[in-house]
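I have placed the structure first, in the form of structure tokens, so that the comments after it can refer back to it.
Protein chains in written order, with my numbering: chain E, 4 to 343; chain L, 2 to 270.
Quick look at the structure:
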């Protein structure tokens, strides 16, 4: 397996100006400004094989976008070794640019004043895309993202979601070897998000595109990636298969029980104690709903017996912990750890 | 090597076309721009006419000054191209997108500027055509060597103007706010380029500055070549000076840009 991305001990620090508040602070800032160093990446190391799909997740300020910018050659790292498709991104930015496709959700590359088609054609020439390939990729994007009616509209007249769809297509027209997608589904509705994921999956199947994806919508990752890299304040918190991530952090599953009649407070307390004896945990108990968390599948029978004996059940469902909940729990643990 | 050059030229042609389309997307804005240019031009002519009619002796005849001002205004308008998007992109971090394109950032902005310049030159030609009756005696050089020298001088003036813009706009890397720096450029340009008065009419205290700075080679030099106001044997020297300034500042701008990029902070998603 060829390595597409190799990152060793990558570090990047930003300098932030601290402004004193109010008018007085603004006047003071003319003569003197306090500055602080903010480490955005603290020795990040990982590698990605060609054809892999990696989801990069983390809280705001975790260093995801900074890592993306270093990987694409926009930012010069403070230290560390970095190779992307054999190039040192910072030094060989233009050579690398032809082989990668990039979407920065917050910074579209479409030309604001003219029709979408014009940017597509500009990219065709700049990226030196063969006519047959351009015909194939542009048709694919137009079909999957439903771009047909948008192609001749000036970009400034498109909605945020329409712009994002066109921007994603722009990054895929030259069938890049690596697609760096930084929040590519920002501003998209549910249907458009699904279309975007479909395009990503199709590009990977058809062209073997390596994918590096950051997003706050974890469904993007569970739908398109097999591997997750979790960042926390510039450091690596987890790097492994999505299934391992879920196995390690999603130990709990849930039973959600809807009741026929409201449950009395005293009965709720005693129910909690009995569930605990059988490996369960009463997560939530409102008058007509009970949520029970459990770790081992072997507890299900005993817990179900307790619930059936204690409650008048109208409906009962079993839920696996979703990615969103796992990550929320993980962040909460990190915040608590840092507070200690 | 040749294939690479051809590909970059092709990309440049496409960037030129797209930039022109962007400008044409706002015809009302362009018309207002042109109208303001004509108004400033008219006012400047009136001012100079008043100076001459008050009996002030100038080392240049009124008809000669009128011809100079017409050409200088045309050049000034055509070469006042928009590097502002570049400055703005440094300030807002939008430069990240420029850096992701597989063409040099300098080339990208040079093509944008040249397309603006070409379009504005067309506007100037239209305005000149409309005002032809009121500007008599606007004859320019016609002998082939001087016409060729003029074409070279115009190209060098465009390169020099771009290089000056590119250098000044990079001040945004330091100040984070480009206007102060860009207005400084505009002021220096308006005073020293010959846009409002030929350098030959400058007071003795200003002349050494005008001769030492590069700005006069943007307007005064090509205007003088176009109107045949140069001394015998002066044209090659002027072209050499223009080329030295243009290429020198272009390379300096490139060096500084590479330096700043290494330190640039493009924060936020």
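Even glycine gets a Cβ: it sits at the ideal position worked out from N, Cα and C.
Legend entry - 6 Å CB neighbourhood of residue 271 of chain E in its chain, flanking five on each side removed: Locating residue 271 of chain E in the first chain gives position 268, where the first residue counts as 1. Contacts found: 288.
Inset, instruction - Measure from the alpha carbon of residue 50 of chain L to the alpha carbon of each residue in L:38, L:68, L:35, then state which is nearest. - result: Within the second chain, the letter at position 49 stands for residue 50 of chain L. Taking only the C-alpha atoms, the option nearest residue 50 of chain L is L:68.
Inset, instruction - Run the CB neighbour count on residue 233 of chain L, radius 10 Å, all protein chains shown included, and call it buried at 16 or more, exposed below. - result: Here the question's residue 233 of chain L lines up with position 232 in the second chain. Under this definition residue 233 of chain L is an exposed residue.
Inset, instruction - Give every residue of the same chain whose Cβ lies closer than 7 Å to the Cβ of residue 172 of chain E, excluding the five residues on either side of it in the sequence, and list them in chain order. - result: Indexing the first chain from 1 puts residue 172 of chain E at position 169. Within the same chain, residue 172 of chain E has close Cβ partners 144, 148, 150.
Inset, instruction - Kindly indicate which residue of E:199, E:290, E:90 has the alpha-carbon position closest to the one of residue 261 of chain E. - result: For this step, residue 261 of chain E is matched to residue 258 along the first chain. Ranked by Cα distance from residue 261 of chain E, the first of E:199, E:290, E:90 is E:290.
Inset, instruction - Any chance you could list the alpha helix (DSSP H) runs of at least 4 consecutive residues sitting entirely within the region 27 to 79 of chain L, in chain order? - result: Listed in chain order, the complete alpha helix (DSSP H) runs (minimum 4 residues) inside the region 27 to 79 of chain L are 28 to 54.
Legend entry - Helix, strand or coil at residue 183 of chain E according to DSSP, with G and I counted as helix: By 1-based counting over the first chain, the position of residue 183 of chain E is 180. It is a strand residue.
Inset, instruction - Along the beta strand (DSSP E) that carries residue 14 of chain E, what are the first and last residues, could you check? - result: Here residue 14 of chain E refers to the residue found at position 11 when the first chain is read from its first residue. Run containing residue 14 of chain E: 6 to 21, per the beta strand (DSSP E) assignment.
Legend entry - Contact list for residue 98 of chain L against chain E, beta-carbon separation under 7 Å: Taking the second chain and counting its residues from 1, one reaches residue 98 of chain L at position 97. Under the 7 Å cutoff, chain E gives 110, 112.
Inset, instruction - Compare the beta carbon distance of residue 175 of chain E and residue 202 of chain E with 8 Å and say whether it is the shorter of the two. - result: Reading the first chain from its first residue, position 172 is the one you call residue 175 of chain E. Reading the first chain from its first residue, position 199 is the one you call residue 202 of chain E. At the C-beta level, residue 175 of chain E and residue 202 of chain E come within 8 Å of one another.
Inset, instruction - Note the first and the last residue of the continuous alpha helix (DSSP H) segment covering residue 238 of chain E. - result: For this step, residue 238 of chain E is matched to residue 235 along the first chain. Judged by DSSP secondary structure, residue 238 of chain E falls outside any alpha helix (DSSP H) and instead within the beta strand (DSSP E) spanning 238 to 244.
Legend entry - Beta-carbon contacts of residue 103 of chain E that lie in its chain and below 8 Å, excluding the five residues immediately before and after: As a position in the first chain, residue 103 of chain E is number 100, starting the count at 1. These residues qualify, in order along the chain: 75, 87, 88, 179, 180, 181, 182, 183.
Inset, instruction - With 8 Å as the threshold, decide whether the Cβ of residue 101 of chain L is near any Cβ in chain E. - result: For the purposes of this step, residue 101 of chain L is identified with residue 100 of the second chain, where counting begins at 1. True, the Cβ-Cβ gap to chain E drops below 8 Å.
Inset, instruction - With DSSP collapsed to three states, give me the class of residue 82 of chain L. - result: For the purposes of this step, residue 82 of chain L is taken as residue 81 along the second chain, with counting starting at 1. Looking at residue 82 of chain L - three-state DSSP - the assignment turns out to be coil, as it is neither helix nor strand.
Inset, instruction - Look up residue 330 of chain E in the DSSP assignment and say whether it is helix, strand or coil. - result: Counting from 1 along the first chain, the entry for residue 330 of chain E is found at position 327. Of the three classes helix, strand and coil, the one that applies to residue 330 of chain E here is helix, per DSSP.
Legend entry - Burial state of residue 100 of chain L, where buried means 16 or more other Cβ atoms lie within 10 Å: As a position in the second chain, residue 100 of chain L is number 99, starting the count at 1. Answer is buried; the Cβ neighbour count reaches 16.
Inset, instruction - Give every residue of the same chain whose Cβ lies closer than 7 Å to the Cβ of residue 193 of chain L, excluding the five residues on either side of it in the sequence, and list them in chain order. - result: Working through the second chain from its first residue, we reach residue 193 of chain L at position 192. Excluding sequence neighbours, residue 193 of chain L sits near 210, 211, 214, 216, 217.
Inset, instruction - State the beta-bridge partners of residue 90 of chain E as determined by DSSP. - result: As a first step, residue 90 of chain E is located in the first chain; it is residue number 87 there, counting from the start. Beta-bridge partners assigned by DSSP to residue 90 of chain E: E:87.
Inset, instruction - Output the residue ranges of the beta strand (DSSP E) runs that lie fully inside the region 96 to 144 of chain E and measure 3 residues or longer, sorted by chain position. - result: Listed in chain order, the complete beta strand (DSSP E) runs (minimum 3 residues) inside the region 96 to 144 of chain E are 103 to 107.
Inset, instruction - Inspect the beta-carbon positions of residue 158 of chain L and residue 223 of chain L and report whether they are closer than 8 Å. - result: Locating residue 158 of chain L in the second chain gives position 157, counting from the first residue. Locating residue 223 of chain L in the second chain gives position 222, counting from the first residue. Yes.
Inset, instruction - Whole angstroms is fine: what's the gap from residue 307 of chain E's alpha carbon to residue 322 of chain E's? - result: Within the first chain, the letter at position 304 stands for residue 307 of chain E. Within the first chain, the letter at position 319 stands for residue 322 of chain E. For residue 307 of chain E and residue 322 of chain E, the distance between alpha carbons rounds to 14 Å.
Inset, instruction - Would you mind telling me which residues of chain E sit closer than 9 Å to residue 15 of chain L, beta carbon to beta carbon, in chain order? - result: On the second chain, residue 15 of chain L is found 14 positions in, with the first residue counted as 1. Chain E residues near residue 15 of chain L: 124, 125, 127, 128, 129.
Inset, instruction - For the beta strand (DSSP E) holding residue 214 of chain E, just list the boundary residues, first then last. - result: For the purposes of this step, residue 214 of chain E is taken as residue 211 along the first chain, with counting starting at 1. Membership of residue 214 of chain E in the beta strand (DSSP E) is indicated by the continuous run 213 to 217.
Inset, instruction - My understanding is that residue 78 of chain E touches residue 267 of chain L, with C-beta atoms under 8 Å, so please give their C-beta distance in whole angstroms. - result: The residue you call residue 78 of chain E lines up with position 75 of the first chain. The residue you call residue 267 of chain L lines up with position 266 of the second chain. Contact holds; Cβ gap of about 6 Å.
Legend entry - Given residue 70 of chain E as reference, the closest of E:320, E:27, E:107 once Cα atoms are compared: As a position in the first chain, residue 70 of chain E is number 67, starting the count at 1. Of E:320, E:27, E:107, the residue nearest in Cα terms is E:107.
Legend entry - Simplified DSSP state of residue 193 of chain L, which is helix, strand or coil: One-based indexing of the second chain puts residue 193 of chain L at position 192. In the structure shown, residue 193 of chain L falls within a helical segment according to DSSP collapsed to helix, strand and coil.
Inset, instruction - Report the rounded CA-to-CA distance for residue 9 of chain E versus residue 72 of chain E, giving the unit in angstroms. - result: Numbered from its first residue, the first chain carries residue 9 of chain E at position 6. Numbered from its first residue, the first chain carries residue 72 of chain E at position 69. Going from the Cα of residue 9 of chain E to the Cα of residue 72 of chain E covers about 15 Å.
Legend entry - Under 8 Å by beta carbon: chain L residues contacting residue 116 of chain E: Residue numbering aside, residue 116 of chain E sits at position 113 when the first chain is read from its first letter. Those within 8 Å of residue 116 of chain E in chain L are 22, 23, 26, 27.
Legend entry - Length at least 3, wholly inside the region 48 to 74 of chain E: the beta strand (DSSP E) runs in chain order: You should have 56 to 60.
Legend entry - C-alpha distance - residue 38 of chain L paired with residue 220 of chain L, whole-angstrom precision: Against the second chain, residue 38 of chain L aligns to sequence position 37. Against the second chain, residue 220 of chain L aligns to sequence position 219. Residue 38 of chain L and residue 220 of chain L: Cα-Cα distance of roughly 16 Å.
Legend entry - Runs of alpha helix (DSSP H) wholly within the region 126 to 195 of chain L (minimum 4 residues, chain order): Correct list: 145 to 170, 173 to 176, 180 to 193.
Inset, instruction - Check the Cβ of residue 72 of chain E against every Cβ in chain L and list those closer than 8 Å, keeping chain order. - result: One-based indexing of the first chain puts residue 72 of chain E at position 69. Contact of residue 72 of chain E with chain L by beta-carbon distance below 8 Å involves 97, 267.
Legend entry - According to DSSP, residues forming a beta bridge with residue 45 of chain E: Taking the first residue of the first chain as position 1, residue 45 of chain E is located at position 42. BP columns for residue 45 of chain E point to E:14.
Inset, instruction - With 7 Å as the C-beta to C-beta threshold (strictly closer), list the residues of the region 84 to 108 of chain E near chain L in chain order. - result: For the region 84 to 108 of chain E, the set of residues with a beta-carbon nearer than 7 Å to any beta-carbon of chain L comprises 96, 97, 100, 101, 105, 107, 108, in chain order.
Inset, instruction - Report the rounded CA-to-CA distance for residue 225 of chain E versus residue 264 of chain L, giving the unit in angstroms. - result: In the first chain, counting from the first residue as 1, residue 225 of chain E sits at position 222. In the second chain, counting from the first residue as 1, residue 264 of chain L sits at position 263. Spanning the alpha carbons of residue 225 of chain E and residue 264 of chain L requires a straight line of approximately 36 Å.
Inset, instruction - Closer than 9 Å by beta-carbon distance: list the chain E residues that pair up with residue 105 of chain L, in chain order. - result: As a position in the second chain, residue 105 of chain L is number 104, starting the count at 1. Annotation: Cβ neighbours of residue 105 of chain L in chain E (cutoff 9 Å, chain order): 97.
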